[in-house]
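Protein chains in written order, with our numbering: chain A, 1 to 726; chain B, 727 to 910; chain C, 911 to 1203.
Reviewing the structure listed below.
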Amino acid sequence: MTDTAGGVGHSPIRPDARSKTDGTFDYASDLRLPGMLWGHTLRSPHPSAAVRSIDTTAALAMPGVAAVLTAADVPGANAYGLITADQPVLAADRVRYQGEPVALIAADTLDLARLAAEAVAVDYETLEPVTDPEAAVAAGEYFRYQPVRLGDPDAQAAAVVIAREYAVGMQDQAPLGPEAGLAEPAPDGGIRLHVATQWLHSDLEQLAPCLDLPPERIHLEMSGIGGAFGAREDLSVQAHMAMLALHCGRPVKMMYDRAESFLGHVHRHPARMRYEHGADEHGRLVYVKARIVLDGGAYASTTDAVVGNAASLAVGPYEVEHVSVDAWGARTNNPPCGAMRGFGGVQTCFAYESQMDALADALGLHPLELRRRNAVAQGSKLITGQTVDARDPRRDRPGGAPFSPLADLLDRLDALPAPAPAPTARPGGSGDTTRGEGVRRGTGYGVGLKNVCYSEGFDDHSTASVELRLEDGERVARVHTAAAEVGQGHWTLQAQIVRTELDVDRVELAPNDTRIGSAGSSSASRQSYMTGGAVRAAAVAVRALAAGRDLADGPVEATRVFRHRATKPMDPVTGQGDSHVQLALCVHRATVDVDVELGLVKVVELACVQDVGKAMNPLALEGQIHGGTAQGLGLALMEALLTDGGRVQNASFTDYLIPTALDMPPMRIELVENADPDAPYGLRGAGEPPTLSSTPAIVAAVRDATGLPLTRVPIRPEHLTTGRLP
Amino acid sequence: MRVTMRVDGDEVAADIDRPGESLLSTLRDRLGRTGTKNACEQGECGSCTVLLDGAPVCACLVATAQCQGREVRTVASVPTVLRDAFVACGAVQCGFCTPGLLVSAADLLGREPDPGEEAIREAIAGNLCRCTGYEKVVEAVRAAAEATADGVPRVPARSHLHHNQWINVVTIPQGGTGNGEDTP
Amino acid sequence: MTPPAGFDFHRPADLAEALRLLAADPEAVPIAGGTDLMVALNYRRARPRALLDLTGVADLREWTDEGAAVRIGAGVTYARVAAELGGVLPGLAAAARTVGSPQIRNRATLAGNLATASPAGDGHPPLLATGATVTAASAAGERLMPIGDFFTGPKRSALRPGELITAVTVPKAAGPQQFLKVGTRNAMVIAVCSFALALDTGRRVLGTGIGSAGPVPLRAGEAEAVDLPWEAPDRFGEGLAVEFGRLVAAAARPIDDVRATADYRRHALAVCAARALRRAWAEAHPEGSVRCG
Ligand SMILES: Cc1cc2nc3c(=O)[nH]c(=O)nc-3n(C[C@H](O)[C@H](O)[C@H](O)COP(=O)(O)OP(=O)(O)OC[C@H]3O[C@@H](n4cnc5c(N)ncnc54)[C@H](O)[C@@H]3O)c2cc1C
Ligand code: FES
Ligand code: FES
């Protein structure tokens, strides 16, 4: 490996930077073709109803309306899903959540398509929705139940016991780019789709049976993606615009507005969790019991895998010998939930970190000290029985104890200088609610443990093809993958790897599409590891092929499929099994100023130490930490989709608030390179862990300032003031 | 109804079909000028920020017909030095917020050539970004403000090169195998 | 809703023309900054056949100093109120600074805020606290409305069909003014509740305005009547501030909604009102040994 300029470890300019700063980068919503129609989705206003009839006559009669399609027009199977095909492309006789697609309209303009949708008459018989996930579980309505059993928690005596219930609200990914795409009928009767998706090949697999087309007649091309965070894992516009385009024989574009976007993609599972931690008088964990109910909403999406993560990571990076975890993913008539950055790790992290703080408080220990005493180390076992592999023979703990990557991060976090005592801005911002009145400062810590790549025995792989050629005497490389550049900088990373492996300067990136094998999803913090691994393998192969050959005779090319080492499913009864490939750790310290009388919070500073294995691109890593931390801040302090009887109450940026520049504080970051010998370049997936640990750190800081237990996120001002006298 | 206006220096005409058609949809859907982004049409995200007669506004909240004879400037008119600063500082991830942020930042620098951090945050508070947490955006605006006379943004020294106090990369030396060539 | 067959977009250059056009085309919906109206149009909550653009109306564009008061033309934006009127109308200017974002303030007008008549409109509490007057005009002539009579219900006002707001006349500050707005984000947020206070040290009068805590913006009459120790300012004590807060909270008629609970709104109003009064009193009596905090 050479230290090539713009190679691994550097922070070269993004290949998409120019076009993203001059307005020429084409996002899915920017696409258009001559003669194109606009598609629009009519959605159910009811969370649960029988569909008695749909009358499309009036809409079809409107001039400029080209088509109105319903379930009867779905060419193939009327069901899709990432793991289980249980979600109708268009509801046939039953709607199970508010916003479920019922009919499609194609018209000359988007405005007209929307007007026509209002002219479609759907006769619903409303039914009582199931909205309480606990009741659903009790009635056996759940997508997955996953227990974890270790030792005998019921037989243990503990010096301190903390038992509390926690709740996490329904967070939305809120990527700024709305769902959008363009479908073009192909001359062979097939279809070409330009989409912004996290996983082209999964879209393809799901689409083929619905469209009743052989996969080779469906061609997917990635268009520019305006953020994803899990919101683009499931299908949105894909099948709908394909149906309209095939039906009309014309290109069809679809684009959601923000209100539709809130209804048109899955969210982070809201959770209710009951935790009981027992510890000895030194603060060592004796046992943990947890009961976790995640609300999966109406359809399966990725709830299965989210439940697996919630269960296997339920205790966090702490050693404990006696554990009992029960985790469910309930089926209700609430909005479907699925992937969002942190994927099942976020909810439990808030609970277990809150528990660790409560234990520290009860024992009079510093929160960092309590965590150090329980931190996993080289050779310790997770609650699934999986062994922690964090070899570092030269850095054992005092007394010959094995190296603990967590204790190391905590020491580093502790060593970061504290922010200045004088605040730059007050809680309440320009609302001028305080000029210091009622303001108290608090500090808190959070630790997050996230699995990287797909777990539980999934055949996780990625494909890359690399070509090396001579052009005007210069060696030029070209990379082709199907991996989604969602903003994280994956294109940059691919080019860096090729530069490093082939010692070239110029690297071209072929468009991401389905002409090459699957790259898997840009999710689970896996793309650097997986597609990075595939690109590296292909580049290494090209290097070998090129050795001793004259490139003037023609280009050299290699395609490689990369797999990480196999994982195992969790045992359905005990939860035991080596279910994860790689684990990543991140720790946060939050400093907040709280106006304790009004319950308003200003986060003053966030400090973060993250083990990235290898800082492949430090600039991009910082960006991931900033952005992931901001989303954690949002969950801690403001973000929740609120439902009432299954209906979303705040599907707009007016009432679903995400942090602004005046909410996010400056950050202090330390990247630690504790290489994973099994991973390409030693890297550790980095996109998700900061989203886990920032939430509990901020909540802990607010607790520190207010003295309140705070068991729900997002914290609302009234949680901080109830019971307080003015 | 025909509306004529200047967009990024060009005289343009658009035929709108309803009185309330927004400047944003006219720019994007009628004039094909898609550099200005649509992320909410509620005035909340700032992705559609343009300068209307020099003042930053949300194009989604301006009726096109209100722009007759007026001057609109989009991301296409933003000074290169500011763009370069965004690129060099890592202020661009998915980039969907970027055109709007650039217009807001350009307006700030036009009014206030040497803004402090708080002034920058105030100026971009109407521009939501879901990817960056804003830190590098703030940095980029500073870098542009401190640009050299020949238009090169002064990008803060990054620690992976210089170990400044803000960002540290610490490499833990590995015993044994390490991260060599022979990994998968 | 069906698409309009033909449509109109009126661009009057002066007020007389605007009123004539409105009389001739009563369906025409006025549009100023568009920051309320365009959201409704974008989301198809309204689909007017005609709009009447007020941004070109020269007579509405300026504010004028009328001696004891400032007359703010209907077309004056919040950005200008914040930048230009902070000295004479500190309460309203403070409210203006909290409206939306820079982009919103560059377009949003005080008159548009009033015409929308949302209980959460940030301009309303300072206008109530200072006893402003709304001027409305129609082809039939002009009339003045005390601000207290203007709001008739959630998003309803005393404005009649065919009328435009032409100006809002706000008495100049005769003492300290305060505006506090509670929101769950540090910027760009609709008020959970807000409170404005105007202390007239010459006339020894206290004015109040409550936002986002009732079907309409409210005054707190009983709170305005608290017995302030004008003769012995340093006798202003914590008890008085708290009592004032309690009376303000009691005057509110809040509801539970997605932004906050009614209880929280009452609580927050009590806190904000007490703070506002302490600050204002301390500012009015800088020499005295007023305990503040
Ligand atoms: C993102 C965002 C954030 C916001 N934040 C805030 C906030 O923090 N605080 C707040 O108070 N408001 C806020 N608003 C609401 C809005 O900006 C204000 O109500 C603003 O003052 C409206 O003024 P305008 O000129 O834009 O009105 P327009 O949208 O042009 O008009 C609003 C209504 O008033 C009528 N109208 C306008 N002018 C007149 C007139 N002269 N005579 C008669 N009728 C008239 C119109 O017909 C229309 O019905 C926000 C809006 C957005 C989109
Ligand atoms: S699209 Fe205009 S502000 Fe969001
Ligand atoms: S870079 Fe993605 S929203 Fe800002």
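Virtual Cβ for every residue (Gly too), placed ideally from N, Cα, C.
These figures come from a predicted structure and were not determined experimentally.
Per-residue contacts from residue i into chain A (C-beta, under 8 Å)
i	result
Leu828 (chain B)	Thr21
Arg880 (chain B)	Simply none; closest approach about 16 Å.
Val733 (chain B)	Under the 8 Å cutoff, chain A gives no residues; its nearest Cβ is about 12 Å from Val733 (chain B).
Contacts of residue i in chain A (Cβ-Cβ under 9 Å)
i	result
Ile1100 (chain C)	Thr654, Asp655
Asn1016 (chain C)	The premise fails here: Asn1016 (chain C) is roughly 16 Å from chain A at the closest Cβ pair, so nothing lies under 9 Å.
Phe1089 (chain C)	Gly431, Asp432
Chain B contact residues for residue i, given Cβ-Cβ distances below 8 Å
i	result
Leu1179 (chain C)	Ordered by position in chain B, no residue passes the 8 Å Cβ test against Leu1179 (chain C), which lies about 25 Å from the chain.
His626 (chain A)	Thr858, Gly859, Tyr860, Glu861, Lys862
Pro958 (chain C)	Pro745, Gly746
Start-to-end residues for the alpha helix (DSSP H) that takes in residue i
i	result
Ser694 (chain A)	689-706
Trp1191 (chain C)	1172-1194
Asn1023 (chain C)	1020-1026
Ser528 (chain A)	527-546
Gln347 (chain A)	345-363
Gly491 (chain A)	Checking the sequence shown, residue 491 (chain A) turns out to be Trp, not Gly. Where Trp491 (chain A) is concerned, the enclosing alpha helix (DSSP H) stretches over 490-502.
Glu861 (chain B)	861-871
Beta strand (DSSP E) segment containing residue i, residue limits
i	result
Pro1081 (chain C)	1074-1081
Ile292 (chain A)	285-295
His920 (chain C)	918-920
Asp411 (chain A)	From DSSP, Asp411 (chain A) is part of no beta strand (DSSP E) but of the alpha helix (DSSP H) over 405-415.
Glu737 (chain B)	736-741
Gly1063 (chain C)	1061-1063
Arg1114 (chain C)	Careful: Arg1114 (chain C) lies outside any beta strand (DSSP E) and carries neither H nor E.
Asp513 (chain A)	Asp513 (chain A) -> no beta strand (DSSP E), and no H or E assigned at all.
Ile218 (chain A)	218-222
Proximal residues of chain B, C-beta to C-beta of residue i below 9 Å
i	result
Asp935 (chain C)	None at all; the shortest Cβ gap to chain B is about 11 Å.
Gln488 (chain A)	Gln819, Cys820, Cys857
Residue i: contacting residues in chain C (beta-carbon distance under 7 Å)
i	result
Ser430 (chain A)	Arg1007, Thr1008, Ala1097
Contact set between residue i and chain A, taken where Cβ atoms lie within less than 7 Å
i	result
Asp946 (chain C)	What Asp946 (chain C) touches in chain A: nothing, since even the nearest Cβ is about 11 Å away.
Presumed contact (8 Å Cβ cut-off) between residue i and residue j, rounded CB distance
i	j	result
Cys337 (chain A)	Gly297 (chain A)	5 Å
Gly627 (chain A)	Thr858 (chain B)	5 Å
Leu732 (chain A)	Arg435 (chain A)	Residue numbering for chain A in the displayed model covers 1 to 726; residue 732 (chain A) lies beyond these limits and cannot be assessed.
Pro367 (chain A)	Ala590 (chain A)	Going by Cβ atoms, the distance from Pro367 (chain A) to Ala590 (chain A) rounds to 12 Å, so no, they are not a contact pair.
Leu406 (chain A)	Pro270 (chain A)	About 28 Å separates the two Cβ atoms, so there is no contact after all.
Leu925 (chain C)	Asp969 (chain C)	4 Å
Pro727 (chain A)	Leu468 (chain A)	Chain A is shown from 1 up to 726; residue 727 (chain A) falls before or after that span and cannot be answered.
Ile1075 (chain C)	Leu995 (chain C)	About 17 Å separates the two Cβ atoms, so there is no contact after all.
Beta-carbon neighbours of residue i, restricted to chain C and to distances below 8 Å
i	result
Asp663 (chain A)	Arg1095, Asn1096, Ala1097
Thr762 (chain B)	In chain order: nothing, as chain C lies at least about 13 Å away.
Glu597 (chain A)	Val1181
Review point. Does the region 1032-1050 of chain C come close enough to the region 1120-1136 of chain C that 3 or more CB-CB pairs lie under 8 Å?
Key: Counting Cβ pairs under 8 Å, three or more are found: they touch.
Exercise for review: Say whether the region 555-564 of chain A touches the region 451-464 of chain A, bearing in mind that this needs 3 or more beta-carbon pairs closer than 8 Å, one atom from each stretch.
Suggested key: Segment contact: the region 555-564 of chain A against the region 451-464 of chain A, three or more CB-CB distances shorter than 8 Å; contact assigned.
Check your understanding: Are at least three pairs of beta-carbons, each pair with one atom in the region 841-857 of chain B and one in the region 1009-1023 of chain C, less than 8 Å apart?
Key -> Contact between the region 841-857 of chain B and the region 1009-1023 of chain C is present, because at least three Cβ pairs lie under 8 Å.
Review point. Between the region 581-592 of chain A and the region 445-461 of chain A, are three or more C-beta pairs nearer than 8 Å?
Key: When Cβ pairs closer than 8 Å are counted between the two stretches, the region 581-592 of chain A is seen to touch the region 445-461 of chain A, the count reaching three or more.
Review point. Three or more beta-carbon pairs under 8 Å between the region 764-776 of chain B and the region 702-710 of chain A, yes or no?
Key: No: the two stretches stay apart, fewer than three of their Cβ pairs being nearer than 8 Å.
Review point. Counting pairs of Cβ atoms below 8 Å between the region 208-223 of chain A and the region 148-160 of chain A, do you hit three or more?
Key: Touching, no, given that fewer than three Cβ pairs across the two stretches are closer than 8 Å.
**Study point:** the region 1079-1095 of chain C touching the region 970-988 of chain C, judged by at least three CB pairs closer than 8 Å
**Key:** The answer is yes - the region 970-988 of chain C touches the region 1079-1095 of chain C, with three or more Cβ pairs under 8 Å.
Check your understanding: Is there contact between the region 665-679 of chain A and the region 613-623 of chain A, where contact requires at least three CB pairs shorter than 8 Å?
Key -> Contact between the region 665-679 of chain A and the region 613-623 of chain A is present, because at least three Cβ pairs lie under 8 Å.
Exercise for review: Would you be able to state if there are at least three C-beta pairs under 8 Å between the region 245-257 of chain A and the region 748-760 of chain B?
Suggested key: Three or more Cβ pairs closer than 8 Å define a contact, and the region 748-760 of chain B falls short of that threshold against the region 245-257 of chain A.
Exercise for review: Count the C-beta pairs between the region 430-448 of chain A and the region 710-721 of chain A that are closer than 8 Å, then say yes if the count reaches three, no if not.
Suggested key: Touching, no.
Exercise for review: Give a yes or no on contact between the region 161-179 of chain A and the region 348-362 of chain A, applying the rule of three or more CB pairs nearer than 8 Å.
Suggested key: Counting Cβ pairs under 8 Å, three or more are found: they touch.
Practice item. Taking 8 Å as the threshold, find out whether the region 64-79 of chain A comes into contact with the region 5-23 of chain A through three or more Cβ pairs. Key: In short, these stretches do not touch, since the Cβ pair count stays below three.
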